[in-house]
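Participant:
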């Protein structure tokens, strides 16, 4: 799945055993793609001496306060790999 | 109890090389990991030493040079905001191993602050080692759940209507805040301006004054 700037996305709510870079507070939350950073090796396999291939596209996703906490920032930007994002 | 008990029976054969003799448990663990990695041929001891030397040789002075140049040169500022890695190279600075460095600009209307909720991702090449509080659980959690409260504790009061943006650097991208130029600094030279730029202002938890 590839996304473009402006696309609405939801962070997958799945559990993951082992190292991954998707913060728990985002799981199941919806946001909007702000930047497409490009392809990067996958930290989930790289962490275990793997080569991290195939590369995964990394997106900067914008989350509004109403998706997080009442005291959250107006905008919270988080970098999320494509295999953690679902189309909304 | 302080440090390592050297009276116990040694049933392992790796060398003990604690120079300080009284190291923290985390340092002991790091040393043990290093021993294993060297023993297994994964890393060379020289590589470890060189990387540690590089890390501790970095300082916020480099980031401050980027900020000061951006304050005096609008064209450079545009290039910095478009590609901070390239902008650092342009000034002869080492942007570090991260393939992408993103600079974000604080203005009268928008304030950015940076956190790594998962660990301690930080633009070390341009800012040096992160402060301890940046790596602490309270900062890492509250920067996303209560960022205005955190800013207040750092002494930053945002004017009404200023949009607060938090950047959680979870992956390969490193973020650097371009703070607002302090008032009454017209006519300041680049070096004078750079001296005003603090580490914390480039994390987004302080304003240069």
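Protein chains in written order, with my numbering: chain G, 150 to 237; chain U, 104 to 312. Beta carbons: idealized from backbone N, C-alpha and C, even for Gly.
Could you please tell me which residues of the region 256 to 268 of chain U, in chain order, have their CB closer than 7 Å to any CB of chain G?
Facilitator: Listed in sequence order: 266, 267, 268.
Participant: Which class does residue 283 of chain U belong to by DSSP, given the choice of helix, strand or coil?
Facilitator: Reduced to three states, the DSSP call for residue 283 of chain U is coil.
Participant: Write down the C-beta distance between residue 318 of chain U and residue 299 of chain U rounded to the nearest angstrom, noting that I regard them as a contact closer than 8 Å.
Facilitator: With chain U running from 104 to 312 in the structure shown, residue 318 of chain U is simply not present.
Participant: Quick check: is the beta carbon of residue 217 of chain G nearer than 8 Å to any beta carbon in chain U?
Facilitator: Yes, contact with chain U.
Participant: DSSP three-state label for residue 242 of chain U, please.
Facilitator: In the structure shown, residue 242 of chain U sits in a helix (DSSP, three-state: H, G or I).
Participant: Compute the distance between the beta-carbons of residue 379 of chain U and residue 280 of chain U, then report whether it is under 8 Å.
Facilitator: This structure gives no information on residue 379 of chain U, because the portion of chain U shown stretches from 104 to 312.
Participant: Please state whether the Cβ-Cβ distance between residue 182 of chain U and residue 218 of chain U is less than 8 Å.
Facilitator: No, they are not a contact pair.
Participant: Per DSSP, what are the beta-bridge partners of residue 276 of chain U in this structure?
Facilitator: Looking at the DSSP assignment, residue 276 of chain U forms a beta bridge with U:203.
Participant: Cα-Cα, which of G:204, G:183, G:184, G:185 is closest to residue 193 of chain G?
Facilitator: Nearest C-alpha to residue 193 of chain G: G:204.
Participant: Taking Cβ positions only, does residue 140 of chain U come closer than 8 Å to chain G?
Facilitator: No - not a single Cβ of chain G is within 8 Å of the one on residue 140 of chain U.
Participant: Do you know whose CA, among U:234, U:278, U:292, U:296, lies nearest residue 285 of chain U's CA?
Facilitator: Nearest of U:234, U:278, U:292, U:296 to residue 285 of chain U, Cα basis: U:296.
Participant: When DSSP builds the beta bridges, which residues end up paired with residue 179 of chain G?
Facilitator: Its beta-bridge partners are G:159.
Participant: What are the start and end residues of the beta strand (DSSP E) that includes residue 212 of chain G?
Facilitator: Looking at the DSSP string, the run of the beta strand (DSSP E) that includes residue 212 of chain G is 205 to 213.
Participant: Taking 8 Å as the cut-off, decide whether the C-beta atoms of residue 222 of chain G and residue 269 of chain U are in contact.
Facilitator: Their beta carbons are under 8 Å apart, which means residue 222 of chain G touches residue 269 of chain U by this criterion.
Participant: Verify the CB distance criterion: does residue 251 of chain U have a CB-CB separation below 8 Å to chain G?
Facilitator: Taking Cβ atoms only, chain G reaches closer than 8 Å to residue 251 of chain U, which makes this a yes.
Participant: Reducing DSSP to helix, strand and coil, say where residue 164 of chain G ends up.
Facilitator: The answer is coil: DSSP assigns residue 164 of chain G none of H, G, I, E or B.
Participant: According to DSSP, residue 271 of chain U sits in a beta bridge with which residue or residues?
Facilitator: DSSP, once it has assigned bridges, lists G:227, U:218 as partnering residue 271 of chain U.
Participant: Rounded to whole angstroms, what's the CA-CA distance from residue 214 of chain G to residue 162 of chain G? Just pull it up for me.
Facilitator: Going from the Cα of residue 214 of chain G to the Cα of residue 162 of chain G covers about 19 Å.
Participant: Does DSSP put residue 106 of chain U in a helix, a strand or coil?
Facilitator: Any reading at residue 106 of chain U needs caution, since the residue's pLDDT is 42, under 50, leaving its predicted position unreliable; the model's value is listed next. Coil.
Participant: Just how far apart, CA to CA, sit residue 224 of chain G and residue 307 of chain U?
Facilitator: Each residue's Cα considered, the two are about 14 Å apart.
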